[in-house]
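Comments concern the structure below.
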Amino acid sequence: MSTAPVPALYWRILGINGLIFAIGTATLALAPVTISSMVLLRELPVLLIGLAVMMLANALLLRASLAPLSRLTALMARMDSISTGDRLVAGESGDLFHLVDEFNSMLDRLEADRSAGTAMVLDAQEAERRRIAQELHDEIGQTLTVALLELKSVADRAPEEVAAELRGVLEVVRSSLDEVRHVARRLRPGVLDDLGLTSALIALPADFTGGPHVRRDVRTGLGDVGADAELVIYRIAQESLTNVWRHAGARHAELSLRQDPDGGLVLRVADDGCGPPRRAGAGIRGMRERAMLIGAQLTIGAADGGGTEVRLVVPPRDERRGQAPARS
1 MSTAPVPALY WRILGINGLI FAIGTATLAL APVTISSMVL LRELPVLLIG
51 LAVMMLANAL LLRASLAPLS RLTALMARMD SISTGDRLVA GESGDLFHLV
101 DEFNSMLDRL EADRSAGTAM VLDAQEAERR RIAQELHDEI GQTLTVALLE
151 LKSVADRAPE EVAAELRGVL EVVRSSLDEV RHVARRLRPG VLDDLGLTSA
201 LIALPADFTG GPHVRRDVRT GLGDVGADAE LVIYRIAQES LTNVWRHAGA
251 RHAELSLRQD PDGGLVLRVA DDGCGPPRRA GAGIRGMRER AMLIGAQLTI
301 GAADGGGTEV RLVVPPRDER RGQAPARS
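The opening position of the sequence shown corresponds to residue 1 in full-length UniProt numbering, with each subsequent residue numbered one higher.
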C-alpha cells in the first residue's frame with residue numbers, strides 16, 4: 001500500500017504553519033506595529049488576530065484534508081458481509097485520495113474472493129443435493145416401490161383379517177414413498193432441468209400443501225435466462241414460499257415473474273401474513289448470497305396491505321456480474 005498520503009499531509013500542514021509564522025514575523029518586523037516586553041492592552045488585539053488567523057487556516061486545511069476519514073468510517077460502519085458496490089469517490093478525497101483508492105481496491109478484492117468462495121460453496125451444495133436426490137429416487141424410492149408391490153401381492157392372497165392389517169401397512173409404505181419423492185423434488189427439481197424456469201415456478205406451489213392459497217402470475221417467453229439465473233430465481237422463490245408456509249401465518253400468497261422491457265427479470269413473492277422478519281436468518285442470508293452471485297438486487301420488506309414482499313430484480317444477462325453455480 002502507498003505511504004504517500006501521510007508525508008504529503010504532514011508537509012502541507014508544516015508548510016501552512018510555517019507560512020503563517022513567516023507572515024506574522026514579517027508583519028511585526030516591517031509594519032509600524034511593536035510588541036512591548038510587557039504586552040499592553042492596545043497590542044493584545046494584534047496577538048489575538050494572529051492566533052485566530054493561524055487557527056482558522058489550520059482548521060480549514062485539516063477539515064478539507066481529513067474529511068475522507070469520516071466518509072471512510074461511515075462506509076466501514078454500514079458495510080456487512082453481503083453488501084456490494086458501496087465505494088467512495090476518490091476524486092473528492094483531497095490529500096487522502098491514495099488511501100481511498102487502496103480502500104476501494106481492497107473492497108474489490110474482498111468482494112471478488114467472497115463471490116468466488118460463495119459460488120464454490122453453493123456449487124458444492126447443489127451437487128450434493130443432486131446426489132442425495134438421485135439416491136433417494138434410485139435407492140430408497142426403488143426399495144419402497146418393491147416393498148409396496150410385495151405387500152400388495154401378499155395382501156391380495158392373505159386371509160381377510162390379516163389383509164386388513166397389511167393394507168394399513170401398505171398405506172404407510174405408500175405415504176413414505178410419496179414423501180421420499182417429494183423430498184427428492186425439493187432437493188433437485190427435475191422440472192427445472194427438463195422443462196425450464198417457467199414450468200418449474202408454476203409447479204412449485206404444488207410442493208406446499210395445507211398452507212395459503214398461492215396465486216401465480218408467471219410470464220412465458222422469457223428468452224435465454226441462463227442456467228445460473230434460473231437456478232438462483234428458483235431457489236429464492238422456493239425459500240420465499242417455504243418462509244410463507246412456516247412463519248408468515250398467511251391466508252393468501254402471490255408468486256409472479258415478469259420481464260422488463262430492458263430484458264431484466266423481476267421475481268415477486270408476497271403474502272398477507274404477519275409481516276417482514278425482524279432479523280435475517282440463515283434462509284434469508286442464503287437468498288442474499290445467491291442474488292449477489294449474479295448481480296441481482298434482493299429486497300425484503302412490507303407488502304402493500306400488510307404481510308411480506310420478497311422482490312428479486314435480475315439484470316439482463318449481458319449486464320450480470322459474478323458466477324452462480326451452474327446446474328450439473
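Backbone N, C-alpha and C define an ideal beta-carbon position, used for all residues, glycine too.
Would you mind stating whether residue i and residue j have Cβ atoms separated by less than 9 Å?
{"i": "I233", "j": "L267", "result": "yes"}
{"i": "residue 335", "j": "A296", "result": "What the structure shows of the chain is the stretch from 1 to 328, and residue 335 is not part of that stretch, so it cannot be assessed."}
{"i": "D260", "j": "G307", "result": "no"}
{"i": "A119", "j": "L187", "result": "no"}
{"i": "L265", "j": "V313", "result": "yes"}
{"i": "E289", "j": "G301", "result": "no"}
{"i": "L255", "j": "P205", "result": "yes"}
{"i": "T145", "j": "L166", "result": "no"}
{"i": "A57", "j": "I16", "result": "yes"}
{"i": "D207", "j": "Q238", "result": "yes"}
{"i": "residue 334", "j": "T299", "result": "Here the chain has residues from 1 to 328 only, and residue 334 is not among them."}
{"i": "L61", "j": "R12", "result": "yes"}
{"i": "G211", "j": "G263", "result": "no"}
Let's test the definition: count the other Cβ atoms within 10 Å of the Cβ of residue i and tell me whether it reaches 16, buried, or not, exposed.
{"i": "Q142", "result": "exposed"}
{"i": "L170", "result": "buried"}
{"i": "residue 331", "result": "Only positions 1 to 328 of the chain appear in the structure, and residue 331 is not among them; the question remains open."}
{"i": "V214", "result": "buried"}
{"i": "A248", "result": "buried"}
{"i": "L192", "result": "buried"}
{"i": "S115", "result": "buried"}
{"i": "I284", "result": "buried"}
{"i": "V269", "result": "buried"}
{"i": "G168", "result": "exposed"}
{"i": "L19", "result": "exposed"}
{"i": "E126", "result": "buried"}
{"i": "S2", "result": "Here S2 scores only 45 on pLDDT, less than 50, and its place in the model should not be relied on; the value that follows carries that caveat. Its Cβ having fewer than 16 others within 10 Å, S2 is exposed."}
{"i": "V225", "result": "buried"}
{"i": "P48", "result": "The residue you asked about is not Pro; residue 48 is Leu in the sequence shown. By the neighbour-count rule (16 or more Cβ atoms within 10 Å), L48 is not buried but exposed."}
{"i": "G281", "result": "exposed"}
Let me check one thing: in DSSP terms, what residues is residue i bridge-paired to?
{"i": "Q297", "result": "V313"}
{"i": "A253", "result": "V214, D271"}
{"i": "V266", "result": "R258, V313"}
{"i": "T308", "result": "A302"}
I'd like the list of long-range same chain contacts for residue i, defined as Cβ closer than 7 Å, with 5 residues on each side in sequence excluded.
{"i": "T220", "result": "T198"}
Beta-carbon within less than 6 Å of residue i's beta-carbon, same chain only, minus the 5 sequence neighbours each way: which residues are those?
{"i": "A184", "result": "A133, L136, H137"}
{"i": "V244", "result": "A250, A253, D271"}
{"i": "I140", "result": "V180"}
Leaving out five residues before and five after residue i in sequence, what residues of the same chain have Cβ atoms less than 8 Å from its Cβ?
{"i": "R129", "result": "L187, R188"}
{"i": "V218", "result": "T198, L201, I202, L255, S256, L257"}
{"i": "G322", "result": "Residue confidence is low: G322 scores 48 on pLDDT, short of 50, so the model does not pin down where it sits. No coordinate-derived value is stated."}
Pull up the CB-CB distance for residue i and residue j, whole angstroms please, since I reckon it's below 8 Å.
{"i": "A147", "j": "A155", "result": "Their Cβ separation, rounded to whole angstroms, is 12 Å, which puts A147 and A155 out of contact at 8 Å."}
{"i": "I236", "j": "M287", "result": "5 Å"}
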